[in-house]
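Structure first, then comments.
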């Protein structure tokens with residue numbers, strides 16, 4: 001994780017420790033709540049704005065740097081072998097994804113055909129892997145960072161890609177919580193880089209939204225999967241007509 005990410009994550013921990021919400025922070029520094037969320041998601045702080053936030057939490061730059069250094073080093077990616085172990089057992093994969101979504105043990109057992117005892121057994125395996133720490137009363141502390149991702153083209157991403165081609169895309173995307181846009185454009189290399197960077201930012205923003213909504217009761221949340229993809233591509237039917 002970059003030094004910038006470590007410092008901003010340390011700043012977020014300070015806000016949480018002092019029970020200062022993004023809405024409250026926005027009022028104190030003259031920004032709307034969405035602007036504050038975007039600032040943290042995109043990690044786009046000016047020095048002046050950072051000084052204002054530090055003033056709200058009662059810290060200076062040196063103290064923030066120390067807090068970032070002292071923070072536990074969370075993992076942003078598993079090893080290939082760890083992913084293979086998880087994908088090799090469907091129930092283990094379900095529990096891992098449920099843990100990422102901060103679903104309590106009893107809710108996992110209520111939603112899936114996995115008993116509480118089985119769920120705890122799988123959480124212990126994920127604890128051994130280093131994915132999380134299983135705490136007393138079956139509480140879970142994730143050991144993965146906010147920017148955690150599966151290995152590109154690794155075992156789990158490959159599995160999800162196979163599932164997507166056969167199931168995820170097999171719909172009209174016409175439901176109230178569904179959306180699909182296919183946009184085909186011609187861009188310069190510079191604009192292409194800007195597009196890819198913006199897609200990464202969108203993923204980070206909704207990762208942050210996931211963290212915020214994790215505090216809500218389970219029945220007030222629902223599973224949603226969005227797929228961001230971009231690459232040079234032309235339909236085979238188009239290629240067949242090219243000179």
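Residue numbers (full-length UniProt numbering): 1 to 243.
Just so you know, even glycine gets a beta-carbon here, dropped at the ideal spot from N, CA and C.
Keep in mind that this is a model prediction, so the values were computed, not measured.
One alpha carbon belongs to residue 196, the other to residue 137, and they sit about 42 Å apart. Runs of the alpha helix (DSSP H) lying entirely within the stretch 14-70, each at least 4 residues long, are 22-29, 33-42, 47-57, 61-70 in chain order.
Listed as beta-bridge partners of residue 141 by DSSP are 133.
Counting along the chain, residue 192 sits inside the alpha helix (DSSP H) bounded by residues 189-213.
By the C-beta criterion, the stretch 87-98 is judged not to be in contact with the stretch 31-46, since fewer than 3 inter-stretch pairs fall below 8 Å. Nearest Cα to residue 221 within the set 204, 103, 159: 103. Only exposed fits residue 219, as fewer than 16 other CB atoms lie within 10 angstroms of its CB. Straight through space, the alpha carbons of residue 159 and residue 204 are spaced by roughly 22 Å. Annotated three-state conformation of residue 75 is strand, per DSSP.
With respect to the C-alpha of residue 80, the residue from 3, 58, 154, 217 having the closest C-alpha is 154.
Per DSSP, residue 90 is one residue of the alpha helix (DSSP H) stretching across 90-100. Below 8 Å, enough C-beta pairs join the stretch 6-15 and the stretch 55-75 to call them touching: three or more. With contacts defined as CB atoms closer than 9 Å, residue 101 and residue 223 qualify as a contacting pair.
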